[in-house]
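Heads up: the sequence lines are chains H, B, Y, W, V and R, in that order.
Going by the working numbering, 86 is the number at position 84 of the first sequence; the sequence numbering is gapless.
Going by the working numbering, 324 is the number at position 322 of the second sequence; the sequence numbering is gapless.
Going by the working numbering, 328 is the number at position 326 of the third sequence; the sequence numbering is gapless.
Going by the working numbering, 58 is the number at position 56 of the fourth sequence; the sequence numbering is gapless.
Going by the working numbering, 332 is the number at position 330 of the fifth sequence; the sequence numbering is gapless.
Going by the working numbering, 223 is the number at position 221 of the sixth sequence; the sequence numbering is gapless.
To keep things clear, I will list the structure first and then write my remarks on it.
There are 6 protein chains.
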Amino acid sequence: MKTPFVKDLAAEQVITGFFLVHEKEIRNANNGKPYLRMELGDRSGTVEARMWDQFDGMAKGVSRDDFVKVQGRVEIYRNRPQLLLMQFRVARPEEIDLGDFLPHTKFDVELMYRELLGHAEGMQNPWLRQLVLKILCDAEVARRYKRAPAAKVMHHAYIGGLLEHVVGLCGLAKHIAVHYPELDVDLLLTAAMLHDLGKLDELCYERAIGYTVEGQLLGHIVMEVETVGQAIEGIVGFPQQLKTVVQHILISHHGEYEFGSPKLPMIREALAFHYLDDLDSKMAAVRAALAMDAGEEEWSAFSGALGRKFLRLEKYLAEEEKKAGTESKAAKE
Amino acid sequence: MKTPFVKDLAAEQVITGFFLVHEKEIRNANNGKPYLRMELGDRSGTVEARMWDQFDGMAKGVSRDDFVKVQGRVEIYRNRPQLLLMQFRVARPEEIDLGDFLPHTKFDVELMYRELLGHAEGMQNPWLRQLVLKILCDAEVARRYKRAPAAKVMHHAYIGGLLEHVVGLCGLAKHIAVHYPELDVDLLLTAAMLHDLGKLDELCYERAIGYTVEGQLLGHIVMEVETVGQAIEGIVGFPQQLKTVVQHILISHHGEYEFGSPKLPMIREALAFHYLDDLDSKMAAVRAALAMDAGEEEWSAFSGALGRKFLRLEKYLAEEEKKAGTESKAAKE
Amino acid sequence: MKTPFVKDLAAEQVITGFFLVHEKEIRNANNGKPYLRMELGDRSGTVEARMWDQFDGMAKGVSRDDFVKVQGRVEIYRNRPQLLLMQFRVARPEEIDLGDFLPHTKFDVELMYRELLGHAEGMQNPWLRQLVLKILCDAEVARRYKRAPAAKVMHHAYIGGLLEHVVGLCGLAKHIAVHYPELDVDLLLTAAMLHDLGKLDELCYERAIGYTVEGQLLGHIVMEVETVGQAIEGIVGFPQQLKTVVQHILISHHGEYEFGSPKLPMIREALAFHYLDDLDSKMAAVRAALAMDAGEEEWSAFSGALGRKFLRLEKYLAEEEKKAGTESKAAKE
Amino acid sequence: MKTPFVKDLAAEQVITGFFLVHEKEIRNANNGKPYLRMELGDRSGTVEARMWDQFDGMAKGVSRDDFVKVQGRVEIYRNRPQLLLMQFRVARPEEIDLGDFLPHTKFDVELMYRELLGHAEGMQNPWLRQLVLKILCDAEVARRYKRAPAAKVMHHAYIGGLLEHVVGLCGLAKHIAVHYPELDVDLLLTAAMLHDLGKLDELCYERAIGYTVEGQLLGHIVMEVETVGQAIEGIVGFPQQLKTVVQHILISHHGEYEFGSPKLPMIREALAFHYLDDLDSKMAAVRAALAMDAGEEEWSAFSGALGRKFLRLEKYLAEEEKKAGTESKAAKE
Amino acid sequence: MKTPFVKDLAAEQVITGFFLVHEKEIRNANNGKPYLRMELGDRSGTVEARMWDQFDGMAKGVSRDDFVKVQGRVEIYRNRPQLLLMQFRVARPEEIDLGDFLPHTKFDVELMYRELLGHAEGMQNPWLRQLVLKILCDAEVARRYKRAPAAKVMHHAYIGGLLEHVVGLCGLAKHIAVHYPELDVDLLLTAAMLHDLGKLDELCYERAIGYTVEGQLLGHIVMEVETVGQAIEGIVGFPQQLKTVVQHILISHHGEYEFGSPKLPMIREALAFHYLDDLDSKMAAVRAALAMDAGEEEWSAFSGALGRKFLRLEKYLAEEEKKAGTESKAAKE
Amino acid sequence: MKTPFVKDLAAEQVITGFFLVHEKEIRNANNGKPYLRMELGDRSGTVEARMWDQFDGMAKGVSRDDFVKVQGRVEIYRNRPQLLLMQFRVARPEEIDLGDFLPHTKFDVELMYRELLGHAEGMQNPWLRQLVLKILCDAEVARRYKRAPAAKVMHHAYIGGLLEHVVGLCGLAKHIAVHYPELDVDLLLTAAMLHDLGKLDELCYERAIGYTVEGQLLGHIVMEVETVGQAIEGIVGFPQQLKTVVQHILISHHGEYEFGSPKLPMIREALAFHYLDDLDSKMAAVRAALAMDAGEEEWSAFSGALGRKFLRLEKYLAEEEKKAGTESKAAKE
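Written out as structure tokens, the structure reads:
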């Protein structure tokens, strides 16, 4: 693991370390002199860095999204640490452990992927099984599926987050299909496995989580409808109606036009899957909100994704017990 | 079972039978002469009835929501049957089987209620268990709970529908609590059992499904928040914070202000329960839509509750198979 | 041209003619006897038809969307003509002129298609020219493009309407590109030609205008994004970025999420094209509203597409002139 | 009155004074060393306070919402005063005058409460009079009613503000009932007195204005519907229908679902009262906006509650007079 | 008073009477023969009239909005009366009493107008007093002001309704200005008197209530802002700023953009007046809803203007008393 | 041209120059001492200025919107330049070139105005031609029309911007009228010339772009409807209906109530013009967004007016070519 992390930078330290370049620009100081300003980061946060002299040569070879090795001194500016650079260079690949730069699911991605394949192999419908296995066994898809986050900020926003979300949905789908026997579990599983496939390319997450230009122009729904369509076209004899059904479930899974679904769910499984996806995303968003502290004992941080904060139930109920304890003690005395 | 049902009335028949009075009024004919007009119904539909002469004495004793025994002749007016009354009187209670007048769940309400009590008795949290058992074991609550529909038109709109919905939610809650171990299953079960308790009094469903005046002025959410509050106040030592939590889950279960929830779910279980309740209602609404035929082979009737129609998946996929069958046969020939 | 048209049916006539079956069902009369009810139509309107006896054999061979030859008598029922069928059979293809059954653009579709190809051939960008020509020169596309309406009811809702709309947009695009030189006219033309390509399959318009099941489940935007994607994949060397740009313009052309665009226009040409498409659709909707009379001299019929009625400008201004004329005449006298 | 107030802190002063602890936390400086940071306040504003050394013992005994006596030096940091603490301790109750810490109505709360009781005693309807007097004469209710603000920020956001709002509404109700004789003035008065009763517990305002956890989870409407329901249950013979009417007026007084009313006003008095409440709140919000200066001579500060700024009418009209004066003088010369 | 009124037409009667022509058209019967169809009405309702033979000469001289004298026989068609015309001619002015054709305020318009002028003369601000008197004393304005309804359907939809609404608002304004001394009562009175002035020309109400073409194209707000502007320009020395203030109050009185106000109220009096106008309109709409019976004892008819029905409070509360009475009687026995 | 511009101020410089006073106030320092704070600006930006001693005499004569000549030293405060004033006085008119203080269209306003008059003179409708020429030839209108911006921030937000927008719309109108021959080009030209006439007085733009009080209270739509109405009233014989048509087009040109149009377009030309105006505004807003750099190579700055950012099409397509170039080079090697 790299040292130091941004969150550990202490004033007046002189440090040597590796960081990702989030932004890089040449600015003019108020006296008209140019200086180099970069925003450097790792998975623990970001820090501003400046270099005032003789940065021309070094700056030339470095671009946004490069990893750099820097030497500098930590100063405090407006109460926040800032790096005064002495020197820096592009890092060599072997010097970098990507895990230092992006937050990561706490589950084992290889295990999860195997679980996912298990769900796929257990499907009864031969066309759907063939379809999802064809896609999931593609080496490049698998490579990206094991890394992709489920979103930039809303939920499961970390490496492996998409896979965690999808595996969770497969389990949930099986529970629901037991409860509502009218639902076709294979369609639900197909939906779970493919509904965010477009995110593999909508997002970029090699070094930081962001959107690709294609992702911004098309969105994962349109991207995956084409990818899945192509995969289906490559399967001889795949029923045309079933293709339409699968594509409908993909494009309607956001449930509302305003969330980018060009069609509302008009198939029972499409409606049910929309609920499952929404529920799992929201449960993850609550989890993330509760994991953050905003200074109120009984409340989570405000969740932008949900537009509210959440009660820390145990804390709130415990207060009472504490009080009750005190009172019963008082009563005894 | 009564005969004839409204749906079986045939032109020119003279019939004797029992009906519920939905509307009753004296109108003036175009020639200024008063006549009696009633809307009569049973669980199969409604029919207009008129009486032109000497109805004064008979009409006096009959009001809306009375059951009547009528004798009349079926005429066709504007292509629909109409009853020309010869005589009628209020029916005696022992002449009426309520089941003839309202649609009914196809499940056994006594069995379902026992299942519900089983869920209640299995709860771990002593306060919540005591609360729900106190309410569910109240004889008047039990009597009404076994009859109440879940809604007038949206979903489970039949006698016993509420109980069917609630028992379904209990099962769903247990599935979900297995999948998301962070959820407190007892809170979910309490929510399932009490979230529509106010509907016992918001709706009237002795003879037809409608809203009481109190129901229209207060709504089931406000009604049950008070009822449950009173039940809690009667339990010595019930923790005050837990009362607030339960009431919050009740008032937020519609999930949005515009659906009449004065607060958004701000507790994890409240959010999850809102999804379960919504999902189960929608699945029932889809079921109801698919059960109706609107003349399009591949599509259900339009669902007012969902604002769309639904694909009959099997029909649609079967077409292909048929076609495929034909084609492969053609190919062989 | 066929005789008689529905709008010409007169009471007590006995007629022989050809109609399209819009609906067909067996119903029970009030006396319990089954009868056959069909809705028959041609481009002038629809009429209800009934047959009371011995229809079994004839009815068996006839389905919705068949053309039938019928013999019957026109009766007036509830002030509207109704056909009392004596006999009917499925029509032979050579007996039918489709033009009798669907409204049609008043322009020559062959001429318009040639004009469209002319616009395509004049494009400067070799990739875009190759793309649109590849699609437009496909025989099946051309055949359907010359028939498809632009919508079921909103605008250009007649055979050839889509082509009329698209050719109009090409002309409009060229005008606009002269006015705003920053716009790439080839992208605008490509957008015009391909933005409703999915409607060729979203709608069915062989005998009446409706939606296909695929059209309802996917919508023309998703359908064409895949079709165009496939066409591009078949062109060796087509730049990947340009593909994304074309697809973005297609999916964003409705301009708002609530109108089914999964992305808002984020390219200058996409935004401009959205305005052109909207303007041309609205101008056609106004034209259609003004063509209908709703009994108010100065106002058009209410346009459902636009949510309002439109002033008949000439009528309104002429009133004044009339009045002015009268007054000046009065003044002279 | 305490000295100094936050708004009077001047650079380089060494002061001793009393403040309320709004926030308290231990943070790590950039050099890793922990320091104490508190936000201290009184009714004139808030100030940041820091202590760098040996704060452990003192900090332990102090929590948010405590009053503290501090000794410190005022420094200017980023152009704002900051307190560098030398020492502090929890204040003794007798050292604190709560009026120093919260803004206060300029009216006499005892007088206003007597006026309120006068309105109550003058009511004709014996049930409603008994109900409101029972509630208003409860010692704990009276104590809180004389302190509660009407809101945290929107209007009447100061100690005694709720009472001021309610007494104003009683007067307004009487005016309106004279103008619209169809309105039942006793229902309007009851609405005025009870519609915000839940705010006594929804808000906390002992030391600063905020929301209680119960208030956030339930809201004042739900809280008061239960409280008032309990009070009614305690009055023997109180008509059940009248209870429903009163509760309906309470729950519908926000007038719209989106403002947290689970029912729309469906009783004439409920609708009228909603308008009165809204009008009085808005008039107070305008008053507050006009009391603040945002640097534009003719305009008030922007009112968040109203989403706009307001014209200073006199200023604007006076300009003209000034100008007119100048001009008429000029004309004379 | 005319006889018979539409509501009194009885089957098989032969009648002679006066009616207003709402619609007139020549239609083709199903047998192709033309016939005359008119919709005739008076203040009690409308009736369809037909003439099958020799109507050419008579029909030529008659247009929509003419009064006609007709002779005909009342037939019942689809359960509603219909007039079979024998002959008719345009009525002579002296034969017509307009009061028979339009509903009318129950107050004396001359008295109300004098009250209005009294309010105007009592104003302190000389400019505003001069302005409103100039307008209200204009003979043509006065003539129309005494007739105009306040709306076509929403509230005060009858002859003299506007005046009733405005006089009511003047009284309300004075009440409010006593309660909120910060409000300038003269501005409120000016607003009351002029805020619907444009309705004198937006609506037509000589024979039936409708919209003029100008009214539909411009609306009363724009119409009155110009009229009032012109009146002000004709007053020498009227302060320019005060003109802007008056016009602002006029254009903002609907309170929201979506209700056609191009500006939100940004002056205290404009905001207050918006509330008064809204309250008075809604109170009138409730009154109208309660005056209509929709067959539910405790509820008014559904009010389209308010989107709900209203409780008949006295009926609802009386039930209880009745019940209570019965019970107490029972108790005694 | 003035020196220095705000954007060129460098630390530690002592400068003498001319600036516009945006804000001026006396504040109390933290030590209680009053100081002068002004915001000074020119077309390149704004800078904060302070004066700590002996500013009383100088400050008295200076107000917001004055031009001042100042002498001061540039200091850096919180990383931004700040002016420490030594002395200042009001500038003499002859010392100021207004072009230094406001951004300006890059086109020649005199040429554009002549082009506008050319469009006006070419109109066929004598009444409309007379109307627009009467207005455009008014010297004061012409003077302001040559300066006014089209908006404060949304589009064409610079001196001469309104004229640029209007001349553009005239050209666009002529293009469209060729394409849609049903449109009356003279009405479109009249709309173009007069639709923002009210902005001449709604905005103030002598020294900086802002809103006048009248502009905020009435808005340009209401202002111009009155101005144009007055101009029409001055033309003897101008048809009343045509006046209504012109005013309708003016008030409906925003197209939606929520954008301040009190009526929706109900005339064909009104609808078409709304689209042209909207299109031209949006094209200008895109142009402005693309002219700003927000640090992402392929994307424009975020446009507040459009709620999104825009793709830099050439950059994005060029990447591919670059890549393609590299690849083909690689392929050759």
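The beta-carbon is built from N, C-alpha and C at its ideal position, and this holds for glycine as well.
Q) Which residues in the same chain as residue 146(W) place their Cβ atom closer than 7 Å to its Cβ, once the five residues preceding and following it in sequence are excluded? A) Counting from 1 along the fourth sequence, the entry for residue 146(W) is found at position 144. Leaving aside the five residues that flank residue 146(W) on each side, the residues in its chain whose CB is nearer than 7 Å to its CB run, in chain order, 202.
Q: Just the chain H side, please: which residues come within less than 9 Å of residue 132(Y) by C-beta, in chain order?
A: For this step, residue 132(Y) is matched to residue 130 along the third sequence. In chain order: nothing, as chain H lies at least about 20 Å away.
Q) Using CA coordinates, which residue listed in 28(R), 191(R), 87(R) and 309(R) is at the minimum distance from residue 49(R)? A) Numbered from its first residue, the sixth sequence carries residue 49(R) at position 47. Nearest option by C-alpha distance: 87(R).
Q.
If I measure Cβ to Cβ from residue 51(H) and keep anything under 6 Å in the same chain, skipping five residues before and after, which residues do I get?
A. Along the first sequence, read from residue 1 onward, the residue named residue 51(H) stands at position 49. The residues are 40, 42, 85 and 87.
Q: Answer with buried or exposed for residue 228(Y), where buried requires no fewer than 16 other C-beta atoms within 10 angstroms of its C-beta.
A: As a working mapping, residue 228(Y) is identified with position 226 in the third sequence. With 16 or more other Cβ atoms within 10 Å, it is buried.
Q.
Counting only C-beta atoms, is residue 215(H) closer than 7 Å to chain R at any point?
A. On the first sequence, position 213 is the one that residue 215(H) refers to. With 7 Å as the cut-off, residue 215(H) counts as an interface residue toward chain R.
**Q.** Neighbourhood of residue 14(W) by C-beta, 8 Å cutoff - its chain only, sequence neighbours within 5 removed
**A.** Indexing the fourth sequence from 1 puts residue 14(W) at position 12. Result list for residue 14(W): 75, 76 and 77, in chain order.
Q. Smallest Cα separation from residue 5(Y): which of 65(Y), 68(Y), 293(Y) and 101(Y)?
A. Reading the third sequence from its first residue, position 3 is the one you call residue 5(Y). Closest by C-alpha distance to residue 5(Y), out of 65(Y), 68(Y), 293(Y) and 101(Y), is 101(Y).
Q. What's the C-alpha gap between residue 198(V) and residue 82(V)?
A. Taking the first residue of the fifth sequence as position 1, residue 198(V) is located at position 196. Taking the first residue of the fifth sequence as position 1, residue 82(V) is located at position 80. Answer to the nearest angstrom: the Cα atoms are 38 Å apart.
Q: Could you confirm whether any beta carbon from chain B is found closer than 7 Å to the beta carbon of residue 226(V)?
A: Reading the fifth sequence from its first residue, position 224 is the one you call residue 226(V). No, residue 226(V) does not count as interfacial toward chain B.
Q: Work out the CA separation of residue 289(W) and residue 45(W) for me, nearest whole Å.
A: Residue mapping note: residue 45(W) aligns to position 43 of the fourth sequence, counting from 1. Residue mapping note: residue 289(W) aligns to position 287 of the fourth sequence, counting from 1. Using only the alpha carbons, I get a separation of about 19 Å.
**Q.** For residue 73(B), the residue or residues it bridges with in DSSP
**A.** Taking the second sequence and counting its residues from 1, one reaches residue 73(B) at position 71. Note: residue 73(B) sits in a beta bridge opposite 18(B) and 89(B).
**Q.** the region 254 to 271 of chain V touching the region 216 to 226 of chain V, judged by at least three CB pairs closer than 8 Å
**A.** In this structure the region 254 to 271 of chain V lies against the region 216 to 226 of chain V, because at least three pairs of beta carbons, one per stretch, are closer than 8 Å.
Q: List the residues of chain Y that residue 277(R) touches, going by C-beta distances under 8 Å, in chain order.
A: For this step, residue 277(R) is matched to residue 275 along the sixth sequence. Contact note: residue 277(R) reaches chain Y through 277, 280, 281 and 284, using a C-beta cutoff of 8 Å and chain order.
(Q) When you compare the CB of residue 77(V) with every CB in chain B, is at least one pair closer than 7 Å? (A) Taking the first residue of the fifth sequence as 1, we reach residue 77(V) at position 75. Answer no: the Cβ-Cβ gap between residue 77(V) and chain B never drops below 7 Å.
**Q.** Assigned secondary structure, residue 207(B) (DSSP; H/G/I helix, E/B strand, else coil)
**A.** Taking the second sequence and counting its residues from 1, one reaches residue 207(B) at position 205. Note: residue 207(B) maps to coil in three-state DSSP.
Q: Tell me, please, whether the CB atom of residue 288(Y) is closer than 7 Å to any CB atom in chain R?
A: Sequence index remark: in the third sequence, residue 288(Y) carries index 286 (1-based). Closer than 7 Å to the CB of residue 288(Y) there is at least one CB belonging to chain R.
**Q.** Three-state class that DSSP yields for residue 51(V) in the structure shown
**A.** In the fifth sequence, the residue the question calls residue 51(V) occupies position 49. Three-state DSSP puts residue 51(V) in a strand.
Q: In angstroms with no decimal places, state the Cα-to-Cα distance between residue 180(V) and residue 273(W).
A: As a working note, residue 180(V) is residue 178 in the fifth sequence. As a working note, residue 273(W) is residue 271 in the fourth sequence. Cα to Cα, residue 180(V) sits roughly 22 Å from residue 273(W).
Q | DSSP-derived helix/strand/coil call for residue 78(W) | A | Taking the first residue of the fourth sequence as 1, we reach residue 78(W) at position 76. Note: residue 78(W) maps to strand in three-state DSSP.
Q) For residue 313(H), which residues does DSSP report across the bridge? A) For the purposes of this step, residue 313(H) is identified with residue 311 of the first sequence, where counting begins at 1. Residue pairing by DSSP puts residue 313(H) in a beta bridge opposite 301(H).
Q: Look at the alpha carbon of residue 183(W) and the alpha carbon of residue 138(W), and state the distance between them as a whole number of angstroms.
A: Mapped onto the fourth sequence, residue 183(W) falls at position 181. Mapped onto the fourth sequence, residue 138(W) falls at position 136. Spanning the two alpha carbons is a distance of roughly 27 Å.
(Q) Helix, strand or coil, according to DSSP, for residue 23(B) in the structure here? (A) Here residue 23(B) is taken as the residue at index 21 of the second sequence, counted from 1. Reduced to three states, the DSSP call for residue 23(B) is strand.
**Q.** Strand pairing of residue 99(B), partner residues [DSSP]
**A.** The count along the second sequence starts at 1 and reaches residue 99(B) at position 97. Under the DSSP definition of a beta bridge, residue 99(B) lacks any partner.
Q: Apply the 10 Å Cβ neighbour rule to residue 126(V) and answer buried if 16 or more other Cβ atoms are within range, or exposed otherwise.
A: Start at 1 with the first residue of the fifth sequence, and residue 126(V) comes out as number 124. With fewer than 16 neighbouring CB atoms inside 10 Å of its own CB, residue 126(V) falls in the exposed class.
Q) So what's residue 216(W) in DSSP terms, helix, strand or just coil? A) Your numbering for residue 216(W) matches position 214 in the fourth sequence. Helix at residue 216(W).
(Q) Whole angstroms are fine: how far does the CA of residue 313(Y) sit from the CA of residue 173(R)? (A) Mapped onto the sixth sequence, residue 173(R) falls at position 171. Mapped onto the third sequence, residue 313(Y) falls at position 311. In a straight line, the C-alpha of residue 173(R) is about 26 Å away from that of residue 313(Y).
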